[in-house]
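In terms of my numbering, the sequence shown opens at residue 1374 and continues consecutively.
In what follows, a structure is listed as structure tokens, so that the remarks can point back to it.
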Amino acid sequence: MAKLLVTALLATFWHISNVAAIPTSNDFQHPSNGVCTRYTVREEVASSDPVWGLPKFQDNYDVMSFLVNFSRKDSATAFHPISGYQNVTKTYEVAGTFCTPTSPKNGKEKTVLLASHGIWYDGRYWASSYKPDEYNFVQYALANGYSIFYYDRVGVGKSEKVSGYEISASSQVELLVKITRSVRAGKYTSDITASKVVLVGHSFGSYISHAGIAKYPDLAEGAVLTGTAYANATDAIPFAISFISFAPRLATTVNPPFDRDSGYLGFGDIYAHTSAFFHEPYDIPTIEYAQSIYQPAAVLEFVSLTSLNLNASAFKGKVLVTTGEFDFPACGGECKSTYQGGVADLLFSGTKPETYIHPGAGHGVNFAANATGFFGRIVAFLDGNF
Ligand SMILES: *[C@@H]1O[C@H](CO)[C@@H](O)[C@H](O)[C@H]1NC(C)=O
Ligand SMILES: *[C@@H]1O[C@H](CO)[C@@H](O)[C@H](O)[C@H]1NC(C)=O
Ligand SMILES: *[C@@H]1O[C@H](CO)[C@@H](O)[C@H](O)[C@H]1NC(C)=O
Ligand SMILES: *[C@@H]1O[C@H](CO)[C@@H](O)[C@H](O)[C@H]1NC(C)=O
Ligand SMILES: *[C@@H]1O[C@H](CO)[C@@H](O)[C@H](O)[C@H]1NC(C)=O
């Protein structure tokens, strides 16, 4: 169908030195209520990848020039950061963790959730070590009997770093597809054999999960797409507006800097992260924790996102589409009308997606007030359908 104004989200950080209760950004802990195994995932991926068509950024003035070009109202026709497509076959290496409950419940552990985080984070988005009883989705899913595989996408966390001018939404989709098939085959699930696989995403992770089941309808039994909304043509939620809210800067120039090439961007500061992912009343220690774990984003991921094919009419599994009431990047700050637009039904015409809007939350729903209420709705969807 016509190109949708899908918007994705991401997050960022800098170092927190004065808040003793906040764990350091390097602790990739898994919850204590799971039997967890870490995997180095290696998968060969064939994808049609966009080719970056502009000079590489030299400094933040180049980034501002790009930002203005990308955000102008006619950018869809006037701005061409992608010069073409090429078929690429490449082996990627990512860091993944599989956890199964220490206390299994009625075989539910054979339903394996496969969680893909969004842009601006890594796998820690799902497994907060700050106030885990409030914010840790992995812990919550395990407590309710589900197994879960979560990973750092290529370019962030402990996964392989590829140039920000090379890693695209389409290659991330095909990599997720490979990982999903290997999870089903038991390659990364310890001694569990999955009977069902449910893709769980946040933001960019939701869009690649969605694109995966659109292209390969038998890939998974279901999908939980969080931090997501689908705007219709008249509900003009400019992706560009969310992009500007990130106040992106070269990842090498933020504080502290990231060791990446100039194709990676970071949040201008913690306030940019706040405007894009949180909603008032702000819980500042939570925002500071989120800032301490944020990751840079590849510019090619942004510009290739809207080229994903999201027509999932052949998918017959169960789908939950959900986000926070005030999600700025996905809904332009007000989600009820966007959800009323009904585009999710059009995209998933082979099934009937459930929807849920979490009151009071912004885009970063896992770090929002009453996040366990949000997790509870996801588990209710899982319990009801799998
Ligand atoms: C999705 O694809 C199907 C099959 O090609 C087509 O019939 C349908 O109109 C498409 N839906 C949208 C919303 O574009
Ligand atoms: C932005 O667009 C102008 C033309 O309007 C072009 O000269 C410039 O190279 C573009 N810069 C970037 C970084 O996209
Ligand atoms: C990529 O591969 C597809 C399928 O094999 C082919 O149709 C397409 O022309 C190729 N594209 C390029 C740019 O080589
Ligand atoms: C698009 O969504 C808006 C809500 O944001 C709704 O009022 C409008 O009727 C929708 N347009 C179409 C063509 O469905
Ligand atoms: C938390 O969210 C759940 C799910 O929407 C809701 O049922 C519950 O009332 C909320 N709790 C509070 C304290 O807002």
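Glycine residues also receive a C-beta, built at the ideal position from the N, C-alpha and C atoms.
Computed from a predicted model, the values in this text were never measured in an experiment.
- If you drop the 5 nearest sequence neighbours on each side, which residues of the same chain put their C-beta closer than 7 Å to that of D1634? S1536 and G1537
- Query: beta strand (DSSP E) containing S1421: first to last residue?
  - Reply: G1407 to W1425
- Task: Could you tell me whether the stretch 1621 to 1632 touches the stretch 1724 to 1737, using the rule of 3 or more Cβ pairs below 8 Å?
- Result: no
- Message: If the criterion is Cβ atoms closer than 7 Å, does the pair A1734 and G1697 meet it?
- Response: yes
- Helix, strand or coil at G1733 [DSSP, three-state]: coil
- Message: Taking 7 Å as the threshold (C-beta atoms), are Y1412 and G1469 in contact?
- Response: yes
- Neighbourhood of Q1668 by C-beta distance below 7 Å, restricted to the same chain and skipping five residues each side: W1493, Y1494, D1495, V1529 and G1530
- Which residues bound the alpha helix (DSSP H) around I1643? I1643 to F1650
- Task: Could you tell me if the beta carbon of D1435 falls within a distance shorter than 6 Å of some heavy atom in ligand 2?
- Result: yes
- Query: Which residues mark the beginning and the end of the beta strand (DSSP E) in which H1575 is found?
  - Reply: K1569 to H1575
- Beta-carbon separation (whole angstroms), L1623 vs V1436, contact threshold 8 Å: 6 Å
- Query: Is L1427 near ligand 2, judged by its Cβ being under 6 Å from some heavy atom?
  - Reply: yes
- Query: Where does E1594 land, buried or exposed, given buried means 16+ other C-beta within 10 angstroms?
  - Reply: buried
- Message: Please report the straight-line C-alpha distance between A1604 and V1716, rounded to a whole angstrom.
- Response: 7 Å
- Task: Give the DSSP-derived three-state secondary structure of T1679 in the structure shown.
- Result: coil
- Message: Contact criterion: CB-CB distance below 7 Å. Does S1489 meet it with respect to chain B?
- Response: No chain B appears in this structure, which consists of one protein chain only.
- Item | Neighbourhood of N1399 by C-beta, 8 Å cutoff - its chain only, sequence neighbours within 5 removed | At N1399, the pLDDT of 49 sits below 50, so the modelled position is not reliable and the matter cannot be decided from this model.
- Less than 8 Å between the CB atoms is what I'm expecting for H1583 and A1602, so what's the real figure, rounded? 12 Å between Cβ atoms; not a contact.
- Cα separation between S1532 and N1682? 26 Å
- Inter-residue Cα distance where the pair is S1501 and P1732: 21 Å
- Task: Mind reading off the beta-carbon distance from Q1545 to I1581? Whole number of angstroms is fine, and I expect it under 8 Å.
- Result: 5 Å
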